[in-house]
Amino acid sequence: MSSFSASTSFGGGNVLARLQTVFNVPLPARLYEAEVFIKTTSTKELRNVLPMLLENIFGFGNEPGWGLERLTMSYHRQEFEYGRRFFSPEGSLLKAIYALQSDPYLTYEFPLSCLPSPTRHSLEQGGLPLFLVNKLQSSNMGRSVLSLGAFEFYLFHFAFFLVNNQWQKPSVSWNNLMDFLYPVLVEDYLHYYLPLEKSALTSRCPIPAPVRSPVVSPVSVASGPVPGFSPPMSHYSPKSPRSSLLRPSLNSSLHQQSFSDQPVIDQGETEVWRCHTVVQVFTEFWLNQNSLEEDRHGILQSSNPMADEDPFAYLFERFLPTANHMRIARTFVKYIHFFANSASPEVISPYQPPAVNPLDKFKRCVRQQVIRKKLYSFLRHAFDRWPLDSSFRLVLETWLSYIQPWRYSDLTQINASLERLHEQDDKQIDERWSKFIHENLLFYTVLWRQFFPHVFRMDLTSPFSSYMLYRVVKVLSSPNLTNIIEQAEGLLYDSITPFSHVPMGSDLGGSFLALDRGNLGALIHQQLSELERPGFVYQPMFGEDTLHKVGVLVRQIMSAHSAVKALQDQAASSSSKGWFSWLNFSLFDSSKAYGDLTKGEVKKLDMHLNYSLTKLCEMYQLKIPDENTQDNSQTSADFSSAHLHSPANSCIPDMEETEDGYRLTPLGRYQIINKKLQFDHYYDRDPAEQLIKSYENVTLVRLLHRFCSYVNTQFGSEIRRWCERNDLLGSMACVYFAPPIAPDQEIRSPLSRELKEKLSQPRLNLRFLANYRNMMTLAIGYLLIHFAFGYGPVGFLFVVLLFTFMVGFFKALLKPRAVKLKPH
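Position 809 (the sequence shown) corresponds to 792 in my numbering; numbering is contiguous.
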């Protein structure tokens, strides 16, 4: 967005010069000078230069920004303290913004190009998201822009700063959020604008009620595509009333009001307007960068050849959040839980109507009606696209934070450490949380299934990977949680097919069972259509397909646990050797006995794997495998009969037999990716049709292939008939025309059914004669026989045929066929 160009029309030349002077001083002095500038500048002059100030602060457009993401308390203490005071909710900057907000006709333009991709695509398709109701206006140049009040204009810049690509590339890692300025400001804004107590809200809203034009229906506004996405110029519009981000439930009273110069807003709406604005803006920019619809279409760039047919194709751009972005999203989700759980209990009395508290009403609906859908798409996209490294823990913790609202019900624990919150994971879940679990069923079931591909590719002998699995299993195995999920899935299937039945869990209490099952089932069914894309097929959390994946995961845990046990046994045996072993004393550092891991890390790793294995078997009512067994085939037989389980000393990855042939299981892919096991032979094609090697004669390979193809095509049935004989001639035929895969040979590589049938057919293959080594061997043999016996080429050929016959004869005698070929 360009700098404010019309400010000089208000006599602000001196103001612009002073502001430019503030921009040119070093950062510590800049914060102080900016505070002095705001205090000594009138509101009339300040409203004209506010866009320039925010652009310079947050690095908008061509401005470099003030580097808020790099200011730390430990290394930049003075700048950190000045910055926190300057940007605080009661600081000089926001006090000036409050004063500008009181003007009902002061608006600023924000470019549509900075909005998230799903919102831009919705505008291009002719729709108007609820978030932008009454904010979309046409500028003087005919482009559509967002018209925002001063407070919203500041929040848009503040929230967009986190997803702005300008500073994400060279950004630093916020390992300690409370050490960096931007995360601290996020915490301050959440505590200030989303207070947990109503008394704090009243004292923190000193500005007059916002004044806006009447709410415009989305249908009337969104009658066609929105033209133009080029960043517009900021300007002061003296005739455009301010809009807001209020939901229709809060705007219903305004539909009956007639338009006037000073429309009035209800006092209850005034109290929660600031809360709505903060939650909507943060949710839009931080959780709405991708949608499931975009994932379905895939990445489409403007250079795509299909862009000419679809002019909106360039809008489908996948946004991968950074680790810092994920940390802020988790902070936001946790505080939303505290905010929603702080609502006063709803008292229903038959004698008097309940007193409606606007703040409590907003707290009760903020999760389901504002956060849920965008957070679901945000997490689904992160599960799909996040790289496979230890930072995936940030995604998991964000997910686990949302599905555990009971951890954030005690307001005294709002500043509790992560360890203290983890202590509540294994507590009994009260039945009052059943409604939340029902309303967010897909967060528990769909994302749990989406976690499997990640864990299948993890090396569970790594402390990071084993801890991530441990955290997920510990949360989902919380007491009573599986019962509530089974109950919710039963209601879902009852709403779809009334006569179907899904096994329920144990009794969840009379108050829960007293709820209307039909309404709850319809609510869960509506959740599917709202959160998921069309054509989505729901897979139960305790269905057969999920049980199959759990079985594979159990075997993977057992494999990792065996590796850890072997490491512990090796370290114990090495420490027991030496001259000082009887004194329990070693000349070497025992911490190096486990390679890169310490003894404590190996102990935790073993504990995490044992816990995950036990809880998974308890969740799905599986028999806990014997830790002393070395044969995984017996244990895995309880999970799936379709798997091919090799012996204990086998060194091939895990496979399964499907309708299309043999395929790698997720465990097998995990074993190959982590280089645990490899295939001895891999048949991806007929060995006779492989690419010509450097040690083969090209011409001879092609001639022999043509000759063998002719023989196999013309005499294939005769060769098959000879190999099916039960006498000595049949055994000799199997020696000469042996197929690449013998009938009794164990399949030791992924193989399609068609290729297996082709490779199991007997055929003539003379490609070995094109090998230079074999050609040299025949040449040397010919010279020896020629000088020893005087045989020529014909005699040498007779000797070779006789030798070939004798080899086949003795092979047929010494190794009779174990399995006969079945008739074709």
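Backbone N, C-alpha and C define an ideal beta-carbon position, used for all residues, glycine too. Nothing here was measured: the structure is a model prediction, and the numbers come from that model.
Option nearest residue i by Cα separation, candidates the options
i: GLY699; options: ALA716, LEU687, ARG685, LEU712; result: ALA716
i: TYR678; options: ALA753, ALA721, ASN147; result: ALA753
i: VAL339; options: PRO34, LEU(-1), TRP382, VAL255; result: VAL255
i: SER360; options: SER392, ILE319, ASP372, VAL429; result: VAL429
i: LEU37; options: GLU639, LEU580, PHE6, THR55; result: PHE6
i: VAL262; options: LEU371, ARG310, ARG390, LEU138; result: LEU138
i: SER130; options: THR648, MET309, PRO733, TYR88; result: TYR88
i: ILE311; options: THR465, LEU742, LEU530, LEU168; result: LEU168
i: SER826; options: LEU119, TYR450, HIS320; result: A query on residue 826 cannot be resolved here, the shown segment of the chain reaching from -16 to 807 and no further.
i: VAL264; options: ASN147, HIS140, PHE345, GLU329; result: HIS140
i: TYR81; options: LEU474, ARG103, GLY132; result: GLY132
i: PRO11; options: HIS174, GLU64, LEU747, LEU738; result: GLU64
i: LYS356; options: GLU469, GLU515, TRP382; result: GLU515
i: GLN697; options: GLY534, SER460, ARG746; result: ARG746
i: VAL783; options: PRO47, LEU738, ILE763; result: ILE763
i: VAL353; options: GLY791, GLN744, LEU270; result: LEU270
i: GLY526; options: VAL316, PRO733, LYS548, MET602; result: MET602
i: THR682; options: PRO636, GLY651, GLU640, TYR755; result: TYR755
7 Å CB neighbourhood of residue i in its chain, flanking five on each side removed
i: TRP369; result: PHE375, VAL378
i: SER327; result: ASN340, ASP343
i: ASP528; result: GLN522
i: ARG53; result: VAL155
i: GLU380; result: ARG313
i: ASP171; result: SER71, PRO72
i: MET873; result: An answer regarding residue 873 cannot be provided, because it is not within the stretch -16 to 807 covered by the chain.
i: PRO(-3); result: For the record, residue -3 in the displayed sequence is Asn; it is not Pro. Counting only Cβ-Cβ distances below 7 Å, and skipping sequence neighbours, we find nothing.
i: VAL533; result: LEU599, TYR603
C-alpha gap between residue i and residue j, whole angstroms
i: ASN615; j: GLU267; result: At ASN615, the pLDDT of 43 sits below 50, so the modelled position is not reliable and the matter cannot be decided from this model.
i: THR260; j: ASN463; result: 37 Å
i: PHE163; j: THR55; result: 4 Å
i: PRO210; j: GLU92; result: Since pLDDT at PRO210 reaches only 43, below the 50 mark, its modelled position is unreliable, and the value read off the structure follows with that caveat. Rounded to whole angstroms, PRO210 to GLU92 spans 16 Å at the Cα level.
i: LEU119; j: LEU106; result: 10 Å
i: PHE426; j: LEU371; result: 21 Å
i: PRO517; j: ALA471; result: 21 Å
i: PHE788; j: ARG685; result: 26 Å
i: SER512; j: VAL520; result: 11 Å
i: GLN272; j: ILE675; result: 50 Å
i: LEU83; j: MET35; result: 15 Å
i: TRP431; j: MET524; result: 8 Å
i: ASN593; j: LYS410; result: 20 Å
i: ARG13; j: LEU145; result: 22 Å
i: ARG708; j: SER714; result: 8 Å
Residues bridged to residue i (per DSSP)
i: TYR91; result: LEU131
i: LEU119; result: LEU129
i: THR55; result: PHE163
i: GLU18; result: Note: GLU18 sits in no beta bridge, so no partner.
i: SER679; result: Checking the sequence, you will find Glu at residue 679 rather than Ser. GLU679 is bridged to ASN754.
Own chain partners of residue i with C-beta closer than 8 Å, once the 5 adjacent residues on each side are dropped
i: PHE751; result: ASN757
i: GLY207; result: Here the model assigns GLY207 a pLDDT of 43, short of 50, so the residue's position is not dependable and the matter cannot be decided.
i: THR4; result: GLU16
Cβ neighbours of residue i in the same chain (closer than 6 Å, five flanking residues each side left out)
i: LEU2; result: VAL32
i: MET441; result: SER448
i: PHE779; result: TYR765, ILE768
i: PRO388; result: HIS320, PHE419
i: GLU740; result: none
i: ILE467; result: SER417, ILE420
i: SER274; result: PRO101, SER360
i: PRO112; result: THR102, SER105
i: LEU424; result: ALA471, ILE507
Are three or more beta carbon pairs between the segment 692 to 710 and the segment 771 to 781 nearer than 8 Å? no
Would you call the segment 48 to 62 in contact with the segment 25 to 36, where contact means no fewer than 3 C-beta pairs closer than 8 Å? no
With contact counted as at least three CB pairs below 8 Å, one residue from each stretch, are the segment 504 to 517 and the segment 537 to 548 in contact? As far as the Cβ criterion goes, the segment 504 to 517 does not touch the segment 537 to 548, which means the pair count is below three.
Between the segment 69 to 87 and the segment 7 to 23, are three or more C-beta pairs nearer than 8 Å? These segments touch.
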